[in-house]
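Presented below is the structure to which this report refers.
In our numbering, the protein residues as written are 8 to 323.
What follows is the structure, given as structure tokens:
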């Protein structure tokens with residue numbers, strides 16, 4: 008269906024896309040997507056419940072992990088309604104106000120995930136480089152303030168984008184590229200002068216995802232330098248092992264983000280399905296895999312999950 012918005016008095020209506028050329032199997036495609044959303048939901052809720060119940064996990068590392076789990080829940084749930092509406096019901100029309108709200112949530116949780124990953128590597132840095140002061144530096148109050156600062160920063164940075172989009176005119180065929188709304192996808196449909204929003208969006212990416220990734224890399228250089236300064240080989244391996252889970256999670260988040268950016272910038276001749284799949288991976292991969300990584304790689308979390316489900320002795 009194609010919708011043409013020519014009236015300034017009416018709120019524009021956007022049309023979502025599923026998988027181009029595969030519309031006839033959308034109902035079948037909904038099955039694996041439902042499973043993915045279910046795994047993401049169950050995995051992150053399990054992480055949260057285990058940390059809440061097990062007093063031995065009331066430590067800075069696991070508090071940050073619970074913030075990450077909440078962020079992953081928000082990221083997956085922000086795309087769930089429209090994704091399943093398109094695949095199940097072929098309901099593709101979406102009001103502009105709903106679209107703006109969705110893209111605000113998607114991009115806010117994306118930036119929040121990046122900020123939380125940076126906070127987690129800071130916690131690893133303190134634990135390895137200043138172990139004697141770990142509990143005094145990362146108190147519950149400090150962790151709460153860091154989490155709140157990350158949330159307010161993400162909201163404040165993303166908020167201008169939907170506000171600017173509301174004032175633009177859309178006089179083209181308002182068909183989006185995905186089954187959910189994203190900033191650049193909506194922006195390219197505008198027939199207004201969108202230079203401010205384009206520049207602002209670029210600045211946001213550079214000052215958030217770009218800066219966060221650089222600081223994460225620099226932090227790991229300092230952490231590796233500190234680990235190499237440890238005399239005992241076994242202690243070095245033990246310290247490195249505490250960072251492995253976080254490194255995997257960082258790669259799970261940033262590799263799809265870079266892939267989406269590369270596809271949008273240089274993938275003009277690629278199949279539309281490739282762009283759709285890359286966007287889906289970027290939004291669904293972290294919420295699905297992060298709980299798996301931490302539950303498998305972190306012994307205390309692994310034991311806590313076993314205890315939660317009554318398998319084995321757990322902590323008892």
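We put the beta carbon where it would ideally sit given N, CA and C, even for glycine.
* Asked: Out of 258, 285, 281, which has the shortest C-alpha to C-alpha gap to residue 297?
  -> For the purposes of this step, residue 297 is taken as residue 290 along the chain shown, with counting starting at 1. Answer by Cα proximity: 258.
* Please look up how many angstroms separate the CB atoms of residue 94 and residue 36, rounded, as I've assumed it's under 8 angstroms. => One-based indexing of the chain shown puts residue 94 at position 87. One-based indexing of the chain shown puts residue 36 at position 29. About 6 angstroms separates the beta carbons of residue 94 and residue 36, which is inside the 8 angstroms limit, making them a contact pair.
* To do: From the DSSP output, in three-state form, read off residue 150 for me.
  => Within the chain shown, the letter at position 143 stands for residue 150. Note: residue 150 maps to helix in three-state DSSP.
* Take the Cβ of residue 192 as the centre, count every other Cβ of all protein chains shown within 10 Å, and call the residue buried at 16 or more, exposed below. => Walking along the chain shown from the start, residue 192 turns up at place 185. Classification for residue 192: buried.
* **From 59, 163, 293, 235, residue whose alpha carbon lies closest to that of residue 254** => The sequence position of residue 254 within the chain shown is 247, counting from 1. Comparing Cα-Cα distances from residue 254 to each of 59, 163, 293, 235, the minimum goes to 293.
* Asked: Applying the criterion that 16 or more other CB atoms from any shown protein chain within 10 Å of the CB defines a buried residue, is residue 232 buried or exposed?
  -> Taking the first residue of the chain shown as 1, we reach residue 232 at position 225. Under the 10 Å beta carbon count, residue 232 is surrounded by fewer than 16 other beta carbons and is classified as exposed.
* Asked: Excluding five sequence neighbours on each side, which residues of the same chain lie with their C-beta closer than 8 angstroms to the C-beta of residue 120?
  -> Looking up residue 120 in the chain shown gives position 113. Taken in chain order, the residues that qualify are 75, 78, 79, 82, 260, 293.
* Per DSSP, residue 100 forms a beta bridge with which residues? -> In the chain shown, counting from the first residue as 1, residue 100 sits at position 93. Beta-bridge pairing links residue 100 to 22.
* Cα separation between residue 2 and residue 177? -> Here the chain comprises residues numbered 8 to 323, so residue 2 is not present and cannot be evaluated.
* Whose C-beta lies closer than 7 angstroms to the C-beta of residue 98 among residues of the same chain, with five residues either side of it excluded? -> Looking up residue 98 in the chain shown gives position 91. These residues qualify, in order along the chain: 92.
* Using the beta-carbon count (16 or more within 10 Å), is residue 90 buried or exposed? -> Sequence index remark: in the chain shown, residue 90 carries index 83 (1-based). Buried: at least 16 other Cβ atoms inside 10 Å.
* Sub-9 angstroms separation of residue 112 and residue 85 beta-carbons -> Within the chain shown, numbered from 1, the residue matching residue 112 stands at position 105. Within the chain shown, numbered from 1, the residue matching residue 85 stands at position 78. In this structure, residue 85 lies closer than 9 angstroms to residue 112 by Cβ.
* **Runs of alpha helix (DSSP H) lying entirely within the stretch 150 to 207, each at least 4 residues, in chain order** => As far as the stretch 150 to 207 is concerned, its whole alpha helix (DSSP H) runs of at least 4 residues are 167 to 173, 190 to 194.
* Asked: Span of the alpha helix (DSSP H) holding residue 50?
  -> The count along the chain shown starts at 1 and reaches residue 50 at position 43. First-last of the alpha helix (DSSP H) with residue 50: 33 to 60.
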